[in-house]
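Chemist: Those protein sequence lines, which keep their order, are chains A and B. Numbering of the first sequence is given in the working numbering, commencing with residue 54 and proceeding in unit increments. Numbering of the second sequence is given in the working numbering, commencing with residue 54 and proceeding in unit increments. Every residue, glycine too, gets a C-beta built ideally from N, C-alpha and C. One structure, as structure tokens, below. Some questions next.
2 protein chains.
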Amino acid sequence: MANETLESGAETIAMRVVGALRDEIVSMALKPGDVISESDIAARYGVSRQPVREAFIRLAQQGLLLIRPKRATVVKKISPTGVRQSRFIRESIEVEIIRRVAGQPGSDAAQVLGDLIAEQEQASSANDSRRFHALDELFHRTLARLAGVEYAWQLIDDHKIQLDRVRYLTLGVSSSQRAIAEHKQIAEAVAKADPELAEIAMRAHLARAETLLTQTIEDFPDFFE
Amino acid sequence: MANETLESGAETIAMRVVGALRDEIVSMALKPGDVISESDIAARYGVSRQPVREAFIRLAQQGLLLIRPKRATVVKKISPTGVRQSRFIRESIEVEIIRRVAGQPGSDAAQVLGDLIAEQEQASSANDSRRFHALDELFHRTLARLAGVEYAWQLIDDHKIQLDRVRYLTLGVSSSQRAIAEHKQIAEAVAKADPELAEIAMRAHLARAETLLTQTIEDFPDFFE
DNA sequence: GCTACAATTCTTGTATGGAAGATCTGCGGT
DNA sequence: ACCGCAGATCTTCCATACAAGAATTGTAGC
């Protein structure tokens, strides 16, 4: 969902707890199925129950926690169909984006994308997988910006968090060379102002997430519904 | 965002307040820019501040409220670019959906859609605009179901709430005849198993929201950012 | 050994009091 | 008349106590 719904500036305790818990969940320090309680987390962070409770509400709305009233709160297991449909949503939107970007020739889009890919190659050579992943995300967000729908990327980003949990389970195994090659194909199609080709390249690029998912389900069945 | 994140069954006060406030906001009883406070709402509903506060948090994450820490909470004004990009998102997804549905011939999709359109014609004849709107929504959700991505519709639904506020401002003016005709074109393309034609019909159908938006901005400029 | 049931102990939900900060008000100075 | 500053009065935020439901445990009875 589109958020940062409260004005920036102040830094409340609740917001800190939200960020900390989200990191723990995405990094799998808190595993799917783990039971947590307001008291536990409050004690662990040295704060009162109240801000923790509010953090739970926010994270539950983001699909990371499941609050069972009067019972307990658990780290939500990953829903395979949920991830697949998130991918469907992402593909739908990104295809539309890439067609737009490739359809407006004469822009500096190809140049910008080329620079990003060069940076990714550096990160890949340096084995800096963290930076590589950040650049990968930036590549896609940049496409959204070039298409004039940056807001749409926020949506994708919110839903991508579930896939990020999956990705974290297979860290380092990702073949960055292949991702770079696919990015190059996309950028090339943009340079040629060929929407059809760009669409094909984008679909192929995003299709890899499916194999990642099925593989991970086999390796960590307990983390999935 | 995909929610109902807390198990159904119990009916807490906070949930009741969420529903009541959401209705008030969508029905424009609470107008964009209106300032509300936890105490106000708590007194108005005869409950404590705590559940109201939690309701505020939920509604803020849904983009209906803006919490300004230590200052106030206001009913969020409608963002024209936000609505436009929501429309972009919706169009991207629904185009993909309709192509899928039209691409799998031999199903009973056309039959199901035809029945829905018939019901809409009844509602239109009876001037039951409320039922008509519900059936319109059902038409699109049914398409998502037929494509096997009902979850995706939930996403659209969550974002559609902003457009619903706009729609409420122009209630009754909607030309239902035209909407029915467009639905018929879509259903016909599905019956012919022609994805290209279905896509064109769907895009034309969704494009009408744009004129609705620009018109409403002119009529109620104070409600927009 | 097994079952029924009650008490204990968890959990989240609600109420209320006060703290911290931001805005508004009014008074005094120039 | 205008500006500055201090106090009153809002707001949301946080802490704490208690309430209510659900799960667990232990125990009595068979």
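Strictly below 8 angstroms CB to CB, what residues from chain B border residue 134 of chain A?
Modeler: What residue 134 of chain A touches in chain B: 204.
Chemist: Quick check: the Cα distance between residue 100 of chain B and residue 65 of chain B, rounded to an integer number of angstroms?
Modeler: Their Cα atoms are separated by approximately 12 angstroms.
Chemist: So is the beta-carbon of residue 148 of chain A under 7 angstroms away from any non-hydrogen atom of the ligand FAD?
Modeler: In terms of ligand content, the structure shown is empty, and the ligand FAD therefore cannot be addressed.
Chemist: Closer than 8 angstroms, Cβ to Cβ, to anything on chain B: give me those residues from the segment 251 to 277 of chain A, in chain order.
Modeler: Cβ contacts with chain B: none found.
Chemist: Can you list, in chain order, the residues of the segment 207 to 237 of chain A whose Cβ is nearer than 7 angstroms to any Cβ on chain B?
Modeler: Cβ contacts with chain B: 208 and 211.
Chemist: Cα separation between residue 165 of chain A and residue 200 of chain A?
Modeler: Distance between the alpha carbons of residue 165 of chain A and residue 200 of chain A: 13 angstroms.
Chemist: Would you kindly report the start and end of the unbroken alpha helix (DSSP H) that includes residue 108 of chain B?
Modeler: Taken as a continuous stretch (DSSP letters only), the alpha helix (DSSP H) holding residue 108 of chain B covers 102 to 114.
Chemist: For the alpha helix (DSSP H) containing residue 166 of chain A, name the first residue and the last one.
Modeler: From DSSP, the alpha helix (DSSP H) with residue 166 of chain A extends over 162 to 178.
Chemist: Against chain B, does residue 56 of chain A count as a neighbour if the rule is that its beta carbon must be under 8 angstroms from one of theirs?
Modeler: Because the pLDDT at residue 56 of chain A is just 41, under 50, the model does not fix this residue reliably, and the value given afterwards should be weighed accordingly. Answer yes: the Cβ-Cβ gap between residue 56 of chain A and chain B drops below 8 angstroms somewhere.
Chemist: Distance, Cα to Cα, residue 152 of chain A vs residue 255 of chain A?
Modeler: Each residue's alpha carbon lies about 10 angstroms from the other.
Chemist: Taking one C-beta from the segment 145 to 162 of chain A and one from the segment 155 to 170 of chain B each time, how about it: are there three or more such pairs within less than 8 angstroms?
Modeler: They do not touch, by the three-pair rule.
Chemist: Using a beta-carbon distance cut-off of less than 7 angstroms, what residues from the segment 96 to 113 of chain B approach chain A?
Modeler: Within the segment 96 to 113 of chain B, the residues whose Cβ lies closer than 7 angstroms to some Cβ of chain A are 107, 110, 111 and 113, listed in chain order.
Chemist: Determine the chain B residues that contact residue 65 of chain A at a beta-carbon separation under 7 angstroms, and present them in chain order.
Modeler: Near residue 65 of chain A (Cβ distances below 7 angstroms), the residues of chain B are 122.
Chemist: Using alpha carbons as the reference points, say which of B:190, B:218, B:217 and B:220 lies closest to residue 206 of chain B.
Modeler: The shortest C-alpha separation from residue 206 of chain B is found at B:190.
Chemist: Sorted by chain position, which residues of the same chain lie with C-beta nearer than 6 angstroms to residue 105 of chain A's C-beta, five sequence neighbours on each side aside?
Modeler: Same-chain partners within the cutoff: 70, 91, 94 and 95.
Chemist: Tell me the rounded alpha-carbon separation between residue 75 of chain A and residue 108 of chain A.
Modeler: Going from the Cα of residue 75 of chain A to the Cα of residue 108 of chain A covers about 10 angstroms.
Chemist: Label residue 97 of chain A either buried or exposed according to how many other C-beta atoms from any shown protein chain fall within 10 Å of its C-beta, with 16 as the threshold for buried.
Modeler: Counting Cβ neighbours within 10 Å, residue 97 of chain A comes out exposed, since fewer than 16 surround it.
Chemist: Please tell me whether residue 173 of chain B has its Cβ less than 8 angstroms away from any Cβ of chain A.
Modeler: False, the Cβ-Cβ gap to chain A never drops below 8 angstroms.
Chemist: Of all Cβ atoms in chain A, is any one closer than 8 angstroms to the Cβ of residue 160 of chain B?
Modeler: False, the Cβ-Cβ gap to chain A never drops below 8 angstroms.
Chemist: Between which two residues does the alpha helix (DSSP H) holding residue 234 of chain B run?
Modeler: Its alpha helix (DSSP H) spans residues 229 to 244.
Chemist: Should residue 157 of chain B be flagged as near chain A, meaning a C-beta pair shorter than 8 angstroms?
Modeler: Taking Cβ atoms only, chain A never reaches closer than 8 angstroms to residue 157 of chain B, which makes this a no.
Chemist: What number of angstroms, rounded off, separates the C-alpha of residue 202 of chain B from the C-alpha of residue 181 of chain A?
Modeler: About 36 angstroms.
Chemist: Are the Cβ atoms of residue 132 of chain B and residue 263 of chain B separated by less than 8 angstroms?
Modeler: Against a cut-off of 8 angstroms, the Cβ pair of residue 263 of chain B and residue 132 of chain B comes out as no contact.
Chemist: Whose C-alpha, out of B:72, B:242 and B:209, is nearest the C-alpha of residue 194 of chain B?
Modeler: The shortest Cα separation from residue 194 of chain B among B:72, B:242 and B:209 belongs to B:209.
Chemist: Using the beta-carbon of each residue, which ones in chain A are nearer than 7 angstroms to residue 131 of chain B?
Modeler: The premise fails here: residue 131 of chain B is roughly 13 angstroms from chain A at the closest Cβ pair, so nothing lies under 7 angstroms.
Chemist: What does DSSP give as the partner residues of residue 125 of chain B in its beta bridges?
Modeler: Answer is B:121, bridged to residue 125 of chain B.
Chemist: Looking at the secondary structure, which residues open and close the alpha helix (DSSP H) in which residue 64 of chain B lies?
Modeler: No alpha helix (DSSP H) holds residue 64 of chain B; DSSP gives it neither H nor E.
Chemist: Taking the DSSP output, what are the residues bridged to residue 277 of chain B?
Modeler: Paired residue(s): B:131.
Chemist: Residues in the same chain with beta-carbon distance under 8 angstroms from residue 80 of chain A, minus the five sequence neighbours each way, listed in chain order, please.
Modeler: The residues are 221.
Chemist: Provide the residue(s) that pair with residue 88 of chain B in DSSP beta bridges, ordered along the chain.
Modeler: Note: residue 88 of chain B sits in a beta bridge opposite B:127.
Chemist: DSSP three-state call for residue 202 of chain A: helix, strand or coil?
Modeler: If DSSP states are grouped into helix, strand and coil, residue 202 of chain A belongs with coil.
Chemist: Short of 8 angstroms in beta carbon distance, which residues of its chain neighbour residue 85 of chain A, apart from the five on each side in sequence? Order them along the chain.
Modeler: Here the set comprises 128, 129, 130, 131, 218, 275, 276 and 277.
Chemist: Kindly indicate which three-state DSSP category residue 195 of chain A falls into: helix, strand or coil?
Modeler: In the structure shown, residue 195 of chain A sits in a helix (DSSP, three-state: H, G or I).
Chemist: Would you be able to state if there are at least three C-beta pairs under 8 angstroms between the segment 233 to 247 of chain A and the segment 162 to 179 of chain A?
Modeler: Touching, per the Cβ criterion.
Chemist: Determine the direct distance from the alpha carbon of residue 204 of chain B to that of residue 88 of chain A, and round the result to whole angstroms.
Modeler: Roughly 26 angstroms between the two C-alpha positions.
Chemist: Could you check the C-alpha separation between residue 148 of chain B and residue 236 of chain A for me, to the nearest Å?
Modeler: One C-alpha to the other measures close to 25 angstroms.
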